[in-house]
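Colleague: Counting in the numbering used here, the sequence shown tops out at residue 499, every number present.
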Amino acid sequence: MHSIVSLFTTYLPYFILVLTLLVFVHEYGHYWVGRRFGIHAEVFSIGFGPELFGWTDRNGTRWKVSMIPLGGYVKFLGDSDGSSSLPSEEPLSAEQKRRAFYAQPLYARAAVVLGGPAANILFAIVLLTGVFFVAGEPYSPPVIAVQPGGPAARAGLRTGDEVLSLDGATINRFEDIQDAQFLYLTRPMSIEYRRGNALMRGEIVPQYCERVDRYHNTMRMGDLGIDELIRPVVGGFTANSPAEAAGLKVGDLLLDIDGKPVEYFSHIPELIGDRAGQPVVVKFDRDGQRMQTTVTPQADQVTDCTGKTHMIGRLRIRPANVTEFRSHDLFGAMWAGVRHVWNMTSMFYTSMAQIATASRPVDELGGPIRIAKAAGEASYAGWTGILNLVIALSVVLGVFNLLPVPMLDGGHLAMYLYEAIRGRPLGLKAQELGLKVGFALVIGMALVATFNDIKLLLR
41 MHSIVSLFTT
51 YLPYFILVLT
61 LLVFVHEYGH
71 YWVGRRFGIH
81 AEVFSIGFGP
91 ELFGWTDRNG
101 TRWKVSMIPL
111 GGYVKFLGDS
121 DGSSSLPSEE
131 PLSAEQKRRA
141 FYAQPLYARA
151 AVVLGGPAAN
161 ILFAIVLLTG
171 VFFVAGEPYS
181 PPVIAVQPGG
191 PAARAGLRTG
201 DEVLSLDGAT
211 INRFEDIQDA
221 QFLYLTRPMS
231 IEYRRGNALM
241 RGEIVPQYCE
251 RVDRYHNTMR
261 MGDLGIDELI
271 RPVVGGFTAN
281 SPAEAAGLKV
291 GDLLLDIDGK
301 PVEYFSHIPE
311 LIGDRAGQPV
321 VVKFDRDGQR
331 MQTTVTPQAD
341 QVTDCTGKTH
351 MIGRLRIRPA
361 NVTEFRSHDL
371 FGAMWAGVRH
381 VWNMTSMFYT
391 SMAQIATASR
401 PVDELGGPIR
411 IAKAAGEASY
421 AGWTGILNLV
431 IALSVVLGVF
441 NLLPVPMLDG
451 GHLAMYLYEA
461 IRGRPLGLKA
471 QELGLKVGFA
481 LVIGMALVAT
491 FNDIKLLLR
């Protein structure tokens with residue numbers, strides 16, 4: 041019940057705000073390109089259904105906000121509806137035909153359709169460019185800590201190795217390794233890494249793993265048995281932390297636990313995992329002074345990648361933020377923005393292909409409820425969280441609409457490609473059939489996504 045109340049009181053306002061912004065950007069992309077070709081836009085609507093309020097500009101375009109805030113549309117002159125799927129049956133004068141969407145040459149129609157997704161993608165690039173130019177690009181070196189007995193350990197990797205490439209793709213940041221773990225579920229990958237001055241190569245086989253993120257989504261991934269190599273410095277505490285109760289403070293450098301040296305942060309669970317409820321002596325450095333305290337790790341139940349549950353001991357501490365920020369000039373910031381958007385696009389299409397081929401479960405499809413929860417959660421991180429969400433959703437909205445499914449922009453582009461190859465448009469009956477199939481696909485995806493959202497909400 042609390043989740044349902046939070047959905048409407050906390051999450052929904054941010055969801056509507058973010059969605060309205062991104063829909064406006066998308067539809068304005070269609071509108072702007074259409075205007076460049078002299079096409080008259082009759083209606084520009086944010087939302088569907090009855091009009092709440094609006095105005096008509098000097099060009100005769102009705103700008104309005106409608107009751108159902110789950111999308112939007114631009115209705116050009118000569119369209120039968122706001123989807124620009126079929127021409128209107130109403131007769132047009134010669135002057136009106138000159139300004140109608142369907143009277144335009146093929147390249148103009150394709151450009152107008154492409155304008156919406158392109159606007160979303162460019163919007164994300166512009167936002168990222170601004171962030172990277174002002175604050176720098178987040179960067180974590182791809183230097184790893186290897187989990188004992190995991191895939192990386194079996195492949196011969198060691199703690200301190202620097203990963204250079206996975207499956208031929210260059211690794212620039214530790215986040216690139218995390219992306220690869222999401223995309224490659226169990227398929228063997230080639231790996232190239234540096235150990236000291238030596239360049240080494242091998243093969244690594246990911247272990248299928250399911251993990252629950254902070255939004256309670258189950259994420260399927262190929263676990264490589266790799267952690268980021270982080271110094272064991274206390275960066276914060278989670279609720280009811282036994283370490284905080286024992287006197288540890290933010291900034292303390294852990295030295296050893298019960299006489300065993302702590303070499304890096306992810307080493308801590310290895311040392312206390314089987315010590316739940318048993319006091320351990322923790323030695324640490326505080327401002328150059330060597331100190332010690334006794335901590336009793338708290339027992340927590342966790343589920344591993346195989347689905348088995350275990351009780352482990354935890355200190356409930358968070359690592360210090362070690363993310364670096366690389367400064368860029370304007371061109372460098374723009375290129376970094378393009379690279380990030382390309383990575384997000386690649387991950388989206390790869391995961392969609394995996395869902396379509398049943399190599400990734402369909403319950404990972406999310407809909408408006410999941411987006412609303414993400415928007416609400418992002419709001420707790422302030423404008424940084426909201427900005428990150430806007431960027432990610434703008435990319436998703438753009439690339440999703442490029443899928444070659446009738447009803448989507450990509451479906452229109454596919455029909456225009458047919459027209460370009462055959463020299464004539466697809467017949468009206470074939471177009472109508474395609475639209476029905478596309479409508480069924482889109483509605484089917486929406487129903488599955490909403491069902492998944494409701495299951496998530498009731499957890």
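Glycine residues also receive a C-beta, built at the ideal position from the N, C-alpha and C atoms.
Predicted, not measured: the structure shown is a model, and the values here were computed from it.
Among residues of its own chain, excluding the 5 on either side of A454, which ones have a beta-carbon nearer than 7 angstroms to its beta-carbon?
Modeller: Counted from its first residue, the sequence shown places residue 454 at position 414. So the qualifying residues of the chain are P444.
Colleague: In the region 136 to 185, which residue ranges form an unbroken alpha helix (DSSP H) of at least 4 residues, counting only runs that do not cross its ends?
Modeller: Qualifying alpha helix (DSSP H) stretches, in chain order: 146 to 174.
Colleague: Quick check on the DSSP output: the alpha helix (DSSP H) that includes Y68 runs from which residue to which?
Modeller: The residue labelled residue 68 in the question sits at position 28 within the sequence shown. That run of the alpha helix (DSSP H) goes 52 to 76.
Colleague: Which residues in the same chain have their Cβ closer than 8 angstroms to the Cβ of G328, if we skip the five residues on either side of it in sequence?
Modeller: Stepping through the sequence shown from its first residue, residue 328 is reached at position 288. Answer for G328: no residue qualifies.
Colleague: Would G353 pass as a contact of I312 if the rule is Cβ separation under 8 angstroms?
Modeller: Your numbering for residue 353 matches position 313 in the sequence shown. Your numbering for residue 312 matches position 272 in the sequence shown. A contact, by the Cβ cut-off of 8 angstroms.
Colleague: Cα separation between A185 and G275?
Modeller: In the sequence shown, the residue the question calls residue 185 occupies position 145. In the sequence shown, the residue the question calls residue 275 occupies position 235. So the alpha carbons of these two residues sit roughly 18 angstroms apart.
Colleague: How far does the alpha helix (DSSP H) with L457 in it reach, from first residue to last?
Modeller: Stepping through the sequence shown from its first residue, residue 457 is reached at position 417. Note, L457: alpha helix (DSSP H), 449 to 462.
Colleague: Let me check understanding here. Comparing Cα to Cα, which of R102, T363, Q247, L162 lies closest to R194?
Modeller: Taking the first residue of the sequence shown as 1, we reach residue 194 at position 154. Here the closest residue by C-alpha is Q247.
Colleague: Starting from A283 and walking both ways along the beta strand (DSSP E), at which residues does that stretch end?
Modeller: In the sequence shown, residue 283 corresponds to position 243, counting from 1. That residue, A283, is in no beta strand (DSSP E); its alpha helix (DSSP H) goes 282 to 285.
Colleague: State the DSSP-derived secondary structure class of P191, mapped to helix, strand or coil.
Modeller: The sequence position of residue 191 within the sequence shown is 151, counting from 1. Note: P191 maps to helix in three-state DSSP.
Colleague: If I follow the unbroken alpha helix (DSSP H) through R379, where does it start and stop?
Modeller: Counting from 1 along the sequence shown, the entry for residue 379 is found at position 339. Element bounds for R379: 370 to 396.
Colleague: Can you list, in chain order, the residues of its chain whose CB lies under 8 angstroms from that of T278, leaving out five sequence neighbours each side?
Modeller: The count along the sequence shown starts at 1 and reaches residue 278 at position 238. Answer for T278: R356, I357, R358, listed in chain order.
Colleague: Give me whichever residues DSSP pairs with M485 in a beta bridge.
Modeller: Within the sequence shown, the letter at position 445 stands for residue 485. Partner(s): none; M485 has no beta bridge.
Colleague: How about A164 and V381: do their beta carbons lie closer than 8 angstroms?
Modeller: As a position in the sequence shown, residue 164 is number 124, starting the count at 1. As a position in the sequence shown, residue 381 is number 341, starting the count at 1. Yes; because the gap between Cβ atoms is below 8 angstroms, this pair is in contact.
Colleague: To the nearest angstrom, how far is the alpha carbon of G242 from that of N383?
Modeller: In the sequence shown, the residue the question calls residue 242 occupies position 202. In the sequence shown, the residue the question calls residue 383 occupies position 343. Spanning the two alpha carbons is a distance of roughly 24 angstroms.
Colleague: At the level of alpha carbons, what is the spacing between L293 and G190?
Modeller: On the sequence shown, position 253 is the one that residue 293 refers to. On the sequence shown, position 150 is the one that residue 190 refers to. So the alpha carbons of these two residues sit roughly 27 angstroms apart.
Colleague: Give the single residue among P446, I431, V435, A398 whose Cα lies nearest to the Cα of L225.
Modeller: Counting from one through the sequence shown, the residue named residue 225 turns up at place 185. Considering only alpha carbons, the answer is A398.
Colleague: Whole angstroms is fine: what's the gap from L442's alpha carbon to G111's?
Modeller: Taking the first residue of the sequence shown as 1, we reach residue 442 at position 402. Taking the first residue of the sequence shown as 1, we reach residue 111 at position 71. Rounded to the nearest angstrom, the two C-alpha atoms are 16 angstroms apart.
Colleague: Which of the three DSSP states is assigned to T490 in this structure?
Modeller: In the sequence shown, counting from the first residue as 1, residue 490 sits at position 450. Three-state DSSP puts T490 in a helix.
Colleague: Take the Cβ of L62 as the centre, count every other Cβ of all protein chains shown within 10 Å, and call the residue buried at 16 or more, exposed below.
Modeller: Looking up residue 62 in the sequence shown gives position 22. Classification for L62: buried.
Colleague: In angstroms with no decimal places, state the Cα-to-Cα distance between L146 and V114.
Modeller: The residue labelled residue 146 in the question sits at position 106 within the sequence shown. The residue labelled residue 114 in the question sits at position 74 within the sequence shown. Answer to the nearest angstrom: the Cα atoms are 19 angstroms apart.
Colleague: Below 8 angstroms CB to CB, which residues in the same chain sit around L370 once its five sequence neighbours on both sides are set aside?
Modeller: Translated into the one-based positions of the sequence shown, residue 370 becomes position 330. If we look at L370 and ignore the five residues flanking it on each side, its Cβ neighbours are T169, F173.
Colleague: DSSP three-state call for L117: helix, strand or coil?
Modeller: Sequence index remark: in the sequence shown, residue 117 carries index 77 (1-based). Coil.
Colleague: On the DSSP letters alone, give me the boundaries of the beta strand (DSSP E) that I244 sits inside.
Modeller: The count along the sequence shown starts at 1 and reaches residue 244 at position 204. That run of the beta strand (DSSP E) goes 238 to 244.
Colleague: Give the straight-line distance between the Cα atoms of L473 and P446, rounded to the nearest whole angstrom.
Modeller: What you label residue 473 is simply residue 433 of the sequence shown in a count that begins at 1. What you label residue 446 is simply residue 406 of the sequence shown in a count that begins at 1. Taking the straight line from one Cα to the other gives about 9 angstroms.
Colleague: Going by other Cβ atoms of all chains shown within 10 Å of its Cβ, with 16 needed for buried, is S281 buried or exposed?
Modeller: Position 241 of the sequence shown holds residue 281. Looking at its Cβ environment, which holds 16 or more other Cβ atoms inside 10 Å, S281 is buried.
Colleague: In chain order, what residues of the same chain have a beta carbon less than 6 angstroms from the beta carbon of E364, not counting five sequence neighbours either side?
Modeller: In the sequence shown, residue 364 corresponds to position 324, counting from 1. Correct list, in chain order: Y179.
Colleague: Report back the beta-carbon spacing between G451 and G478 to the nearest angstrom; my notes put them in contact at under 8 angstroms.
Modeller: In the sequence shown, residue 451 corresponds to position 411, counting from 1. In the sequence shown, residue 478 corresponds to position 438, counting from 1. Indeed, because the Cβ distance is near 5 angstroms, the residues count as touching under 8 angstroms.
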